[in-house]
Structures are given as C-alpha cells and as structure tokens.
Amino acid sequence: MPAGQCPIPGCDYVTDDLDAAIVAALITAHSTTHAPGLVTTAKVEKHNQQFTPKEKSDRTLAIDHHLFYNNLSDTWISKDSKPQPFVNLILRILPEDYEAFGFNMTKITNTVATSVLADTGCQSCLAGIEVIYRLGINPYELIPVNIKMHATNNKGVTILGATILRISGKDDQGRHVEMKQMTYVTDNSDKLFISREACIALRMISDSFTTIGDETQHTLGTKNPQNIPNKIGRVNGLANTCNCPKRKLPPAMPTKLPYPASEANLTKMKQFLMDYYKSSTFNTCDHQPLQLTVDPDAEPFAHHTPVPVPIHWKEEVKTGLDQDIRLGVLEPVTRCP
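Residue numbers for the sequence shown follow the UniProt record's numbering, so the first one is 1 and each next one is one higher.
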C-alpha cells in the first residue's frame with residue numbers, strides 16, 4: 001500500500017508505506033491536530049487485509065478485526081475467531097448406571113442427539129435443565145449432591161442435582177466411542193458442557209493436555225517407532241491410516257548445531273535435518289491432506305493454456321499431479337469449457 005498524505009490543504013504530513021487500514025487510521029488521527037472546521041476523515045482504498053509489521057508505533061490504533069499470526073507466510077492476517085468447539089454426540093441414561101450408586105431408575109428415558117460444547121477448562125460435566133427435560137427426566141428425579149460449582153468469574157452455579165450420562169459418538173474412522181460421566185444439572189444454562197476428563201475419555205485430547213509441545217513429541221524429529229496409526233480423517237472420501245509422522249508446521253529453528261561443523265559430520269548433520277523436519281518439510285505422506293493458505297478476498301480466474309512438459313518428464317509429472325489430487329491440493333478437470 002503506498003504512503004498516504006494528509007488531505008488538509010497545505011499540510012505535508014505523510015505516513016509510511018503501511019497497510020491500508022493502518023494508513024487510514026493514522027491519517028484520521030493526525031487530522032485531529034488541525035482546526036475543528038478542517039477535520040476530514042481519511043479515505044484510503046482497501047486492498048488487502050494481510051500485512052507484515054514493519055516498525056513499532058507509539059500511536060494507539062483501534063483494530064476492529066481479529067489478528068492471527070500465520071507461521072507459514074510470516075505475516076499477520078485478518079481472520080475471524082474460530083467457532084466454539086461444539087461436537088454432535090448421543091446422550092443416554094441407563095438404569096444400571098444408577099444402580100452403581102444405589103439408586104433405582106425405573107423410568108424409560110429418551111436417547112438424544114445434541115450439540116455439546118467441549119470445554120477443556122471445565123472440571124466437571126454440566127448440563128442445562130433443558131437437556132435433562134429432553135432426556136425425559138425431571139429435576140426431582142436427579143441424584144442429590146452436595147457439590148458446589150463456580151464459573152470462571154468465580155460466581156456460584158446453582159446445582160439442582162446430578163445424573164449419569166452415557167455420552168457417545170463416532171471418530172473419523174467410524175468407530176463408536178462411549179463413556180460414562182456424572183453430569184451435574186443447573187438452571188443457569190441451556191447447554192451441555194463436557195469437561196476435560198470427558199474430552200480425554202472421548203479421545204479428543206490426550207491425558208497430558210496442557211503439556212507444551214506434547215502434540216508433537218511423537219512426530220517432530222522421530223520416525224514413529226511405536227508404529228502408532230495416525231488418526232488423520234478422510235482424504236477424498238476414503239478413510240486412511242498410516243504409520244507416517246502426522247503432518248505439522250515446521251518446528252522452531254535449532255538454536256545450536258547437534259554436531260561440530262566439520263566435513264566428517266556431514267552425513268550425521270544431514271540425517272539430523274531429515275529427522276528434525278520429518279513431520280513438516282520432508283513429510284511426503286500421501287494420506288494426509290494439505291492446507292493451502294489463500295487470501296479469502298482473492299478472485300479466482302481460469303487459466304486454460306497448458307504448460308508443455310518434456311516427454312522424458314511425462315511419467316514423473318503425472319505421478320506428482322496424481323499425488324496432489326490424492327492430497328486434495330488439486331481437483332481433476334474432465335474437460336475445458
């Protein structure tokens with residue numbers, strides 16, 4: 001974005017070459033230094049909300065959108081917050097679960113499919129009274145408890161009682177996963193919050209959750225020696241598992257050399273780099289989908305001129321294109337319009 005100049009006649013104030021939104025904010029802030037009758041709101045053409053910070057400023061700017069740092073492109077990008085982590089699950093109440101606590105549940109209850117909020121900051125599962133009504137039980141049929149709960153703002157949460165829920169769902173391979181959870185009931189909410197323990201039981205997170213770097217400890221710089229299958233979902237409609245490292249962003253650059261920088265250590269240094277970036281740069285697994293970072297405001301356009309390929313590279317190029325299709329990077333085109 002070119003530098004912007006103050007629109008007040010006779011003023012020589014010029015901004016640096018910054019993002020359009022920042023240029024507009026700086027010009028508008030500067031205009032307040034002029035006489036009240038001359039203040040003009042800056043109008044700067046909006047090009048692209050992606051920018052790279054170039055220098056610090058002592059000005060306070062109002063940012064009306066979320067900023068997330070993208071390690072792939074080394075820039076700040078304009079992007080909405082991710083949605084709350086809701087997951088569709090099945091809820092049941094079974095008499096044998098009540099019997100384990102010495103209670104007799106003879107009432108026929110409902111099986112309910114509902115959207116549940118996975119809250120890793122929640123220490124216990126908490127259900128709103130509406131969820132309990134849908135299951136077919138009433139507040140007076142709840143298990144009496146003496147527990148006290150508090151929200152994150154330290155305000156008390158009214159607990160009406162508890163029930164034992166069977167909570168289940170299917171993983172990305174279609175396998176059924178079910179758990180039992182004592183769930184407390186409140187009239188302060190109409191949602192069902194599942195706790196960190198429940199998320200672990202459903203295998204959404206590991207039991208070492210909150211350990212920094214735990215997600216990558218078996219993949220970055222390793223060869224997956226335990227041959228633990230990666231739960232990598234579906235690629236082009238086909239469920240896949242493999243023993244390759246799970247694809248990750250590149251790790252931080254090493255802060256020191258693992259071996260002395262000598263020609264004798266060349267082979268070991270090469271192997272170190274291959275292992276260190278095995279899950280990122282050198283990950284050639286065909287089963288794990290790739291994600292391309294594309295400007296959401298960019299306009300796509302068709303390009304119909306084929307690129308000539310030397311005949312001796314035909315098989316190699318075809319193999320690469322087929323791999324990109326399997327990864328979801330490219331889509332096959334049956335014919336040109």
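All C-beta atoms, glycine included, are put in the ideal place defined by N, C-alpha and C. Treat the numbers as computed from the prediction; the structure is a model and nothing was measured.
- Under DSSP, no beta-bridge partner is assigned to Gln323.
- Spatial neighbours of Pro332 in its own chain (CB-CB distance under 7 Å, excluding positions within 5 residues in sequence) are listed in chain order as Ile325.
- In the displayed model, Met105 falls within coil according to three-state DSSP, outside both helix and strand.
- A distance below 8 Å between beta-carbons, with the five flanking residues on each side excluded, links Lys170 to the following residues of its chain, in chain order: His176 and Val177.
- Separation of Asn104 and Met182 (C-alpha to C-alpha, rounded to the nearest whole angstrom) is 16 Å.
- Counting C-beta pairs closer than 8 Å gives three or more between the stretch 189-196 and the stretch 123-130, which meets the contact rule.
- Taking the Cα positions, Thr114 is about 8 Å away from Leu91.
- For Cys125, the beta-bridge partners assigned by DSSP are Thr183.
- Residue range Leu266 to Tyr276 is occupied by the alpha helix (DSSP H) that includes Leu273.
- Sorting Met269, Thr255 and Pro254 by C-alpha distance to the C-alpha of Ala261 places Met269 at the top.
- With fewer than 16 other Cβ atoms from the protein chains shown falling within 10 Å of its own Cβ, Tyr133 counts as exposed.
- Bounds of the beta strand (DSSP E) holding Ile90 are Phe86 to Arg92.
- Around the beta carbon of Gly102, fewer than 16 other beta carbons lie within 10 angstroms, which makes this residue exposed.
- Spatial neighbours of Ile129 in its own chain (CB-CB distance under 8 Å, excluding positions within 5 residues in sequence) are listed in chain order as Pro139, Leu160, Val185, Thr186, Asp187 and Asp190.
- Sorting Gly174, Lys318, Gln173 and Ile200 by C-alpha distance to the C-alpha of Lys180 places Ile200 at the top.
- Taking a contact as a CB-CB distance under 8 Å, the pair Leu135 and Phe86 does not count as one, their CB atoms being some 18 Å apart.
- Contact annotation: Lys248 and Ser280 have beta-carbon atoms nearer than 7 Å.
- Closest option to Leu257, judged by alpha-carbon separation, among Gln271, Asn146, Asp119 and Thr163: Gln271.
- Between Ile143 and Thr158 the beta-carbon gap is near 16 Å, outside 8 Å, which marks them as no contact.
- Per DSSP, the unbroken beta strand (DSSP E) holding Ile194 starts and ends at Leu192 to Ile194.
- Note on geometry: alpha-carbon atoms of Ile167 and Thr106 lie some 20 Å from one another.
- The shortest C-alpha to C-alpha distance from Asp286 to any of Lys82, Ile137, Asn243 and His150 is the one to Asn243.
- In the same chain as Tyr259, and ignoring 5 residues on each side of it, the C-beta atoms closer than 7 Å to its own belong to Asn265, Lys268 and Met269, in chain order.
- Separation of Gln323 and Glu263 (C-alpha to C-alpha, rounded to the nearest whole angstrom) is 36 Å.
- Taking the CA atoms as reference points, Pro296 sits about 45 Å from Ile93.
- Contact annotation: Lys278 and Pro245 have beta-carbon atoms nearer than 7 Å.
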